[in-house]
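The opening position of the sequence shown corresponds to residue 5 in the working numbering, with each subsequent residue numbered one higher. A virtual CB, placed ideally from N, CA and C, is assigned to each residue, including glycine. Model, not experiment: these values are computed from the prediction.
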Amino acid sequence: MKELLNTLYVMTQDSYLRIDHDTLRLEVGGERRLITPIHHLQSLVLFGNVMATPFVFHRFAEDNRTVVFLDYRGRFKGRLEGPQTGNVLLRRAQHMIVDDQERAVFLSKAMVAGKIQNARQVLLRAARDSGNDEEKKQLRVAAEIMATALQSLGGASSLNEVRGFEGHAAETYFSVFSLMVRADREHFAMNGRNRRPPLDPVNALLSFLYALLLNDCLSALQSVGLDCQVGVLHGLRSGRPGLGLDLMEEFRSFIADRLALSLINRKQITGEDFETRPGGAVYLVEAGRRKVITEYQRRKQEKITHPLLKQEIVVGLLPFVQARLLARFIRGDAEAYLPFLVR
């Protein structure tokens with residue numbers, strides 16, 4: 005089983021990174037703040053004005069470790085990757101699926117089924133824990149609507165139909181998302197999903213967590229040699245990591261949404277962790293981002309039993325396991341892609 009390596013998130017502005025033998029050294033104002041062995045790291049995520057010597061980028065590229073650039077508020081800007089690895093025949097098979105309508109729809113339906121089923125489980129779990137009968141009813145009604153969408157999904161014969169079922173299920177899910185918030189509902193009110201920019205604290209928190217999760221999914225796909233840009237559910241678009249977004253769908257609710265709700269309901273994140281910018285955009289402040297990243301890293305270390313492998317693994321390895329299962333389907337070694345499903 006692959007070892008779960010660390011991701012180093014650098015948020016302190018004017019930080020400077022350099023290589024010191026086989027360690028990465030972080031300095032702020034000429035003062036050493038951190039030294040860590042490079043072989044412990046899977047990737048670097050740099051927020052805003054964080055600088056590094058060219059040798060840092062050279063070493064990470066040579067070792068096939070990634071460097072991700074985000075702006076100060078956590079919006080994706082770019083990604084440094086080393087030479088493409090893996091079997092070129094695997095990537096060729098992946099590209100051919102895009103032009104094979106039947107296989108593309110078959111794969112997309114599996115991915116969307118995983119997303120809907122896992123999101124539905126979040127709703128049912130919240131309904132069981134709710135002490136309000138009316139809210140419990142609304143959550144269960146939404147879960148039933150999603151169950152209907154899941155059944156209807158099997159009859160979809162085109163990608164647009166699949167996307168339609170996915171969109172309807174997502175709209176239903178987010179229409180009751182605020183009912184799962186139990187702490188400070190006045191501040192954490194949410195009226196559906198919005199982004200670019202997020203317009204309320206809940207959407208700001210979700211967008212930030214989705215950015216972290218996407219980075220992990222891209223690393224997982226790279227590890228098996230797949231082309232992150234060529235997706236099936238998320239069609240081809242210049243600059244968009246379509247397959248990364250495809251793989252992320254089944255993990256959104258289980259990893260990101262549940263963590264967001266836990267942070268709010270346990271009052272680990274409060275209204276003071278957000279700022280509203282001119283025009284209405286809402287973002288996490290630096291202290292809030294640090295809290296979220298700390299808990300996200302902790303979440304990745306939690307252990308679960310994978311329903312297909314029947315093996316205990318840490319949550320952070322789930323994207324890597326699913327990327328391998330996806331590669332097996334694309335190569336033709338498996339008859340279907342089996343998404344990760346929450347039990």
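Q: Please confirm whether any heavy atom of the ligand GDP lies closer than 6 Å to the CB of Arg303.
A: Ligands are entirely absent from the displayed structure, and the ligand GDP is therefore not among its contents.
Q.
Going by DSSP, what residue range makes up the alpha helix (DSSP H) through Met150?
A. 137–157
Q) According to DSSP, which residues form a beta bridge with Ser19? A) Val32, Val54
Q | alpha helix (DSSP H) segment containing Glu106, residue limits | A | 105–133
Q: Could you pull out every residue in the same chain whose Cβ sits closer than 8 Å to the Cβ of Met5, ignoring the five residues on either side in sequence?
A: Here Met5 scores only 43 on pLDDT, less than 50, and its place in the model should not be relied on; the value that follows carries that caveat. Excluding positions up to five away in sequence, the list reads Gln315, Ile317, Leu321.
Q: Find out if the Cβ-Cβ distance for the pair Ala173, Ile101 is shorter than 7 Å.
A: no
Q | Alpha-carbon spacing of Asp261 relative to Gly158, whole angstroms | A | 25 Å
Q. Nearest to Leu127 by CA position, among Gln46, Arg302, Phe110, Met150, is which residue?
A. Met150
Q | Residue(s) in a DSSP beta bridge with Thr70 | A | Ser47
Q | N-terminal and C-terminal residue of the beta strand (DSSP E) that Val361 is part of | A | Since the displayed the chain opens at 5 and closes at 347, residue 361 lies outside it and no answer follows.
Q) If you draw a straight line from the alpha carbon of Gly336 to that of Leu154, how long is it in whole angstroms? A) 25 Å
Q. Mapping DSSP to helix, strand and coil, what is Lys304?
A. helix
Q: Give me the Cα-Cα distance between Thr280 and Asp104, rounded to the nearest whole angstrom.
A: 45 Å
Q.
Going by beta-carbon coordinates alone, are Glu139 and Leu111 separated by less than 7 Å?
A. no
Q. Which term fits Lys113, buried or exposed, when burial requires 16 or more other beta carbons within 10 angstroms of its beta carbon?
A. buried
Q: Use the C-beta contact count for Lys141: other C-beta atoms within 10 angstroms, 16 or more gives buried, fewer gives exposed.
A: exposed
Q: In the DSSP assignment, find the alpha helix (DSSP H) that holds Phe178 and state where it starts and stops.
A: 163–179
Q: Determine the direct distance from the alpha carbon of Ile273 to that of Glu7, and round the result to whole angstroms.
A: Summary for Glu7: the model assigns pLDDT 49, below 50, so the residue's position carries little reliability, and this model does not support an answer.
Q: Determine the direct distance from the alpha carbon of Ala193 to that of Ala327, and round the result to whole angstroms.
A: 35 Å
Q.
Judging by CA-CA distance, which residue of Val185, Val145, Leu342, Val116 is the nearest neighbour of Val166?
A. Val116
(Q) I'd like the list of long-range same chain contacts for Gly82, defined as Cβ closer than 7 Å, with 5 residues on each side in sequence excluded. (A) Phe73
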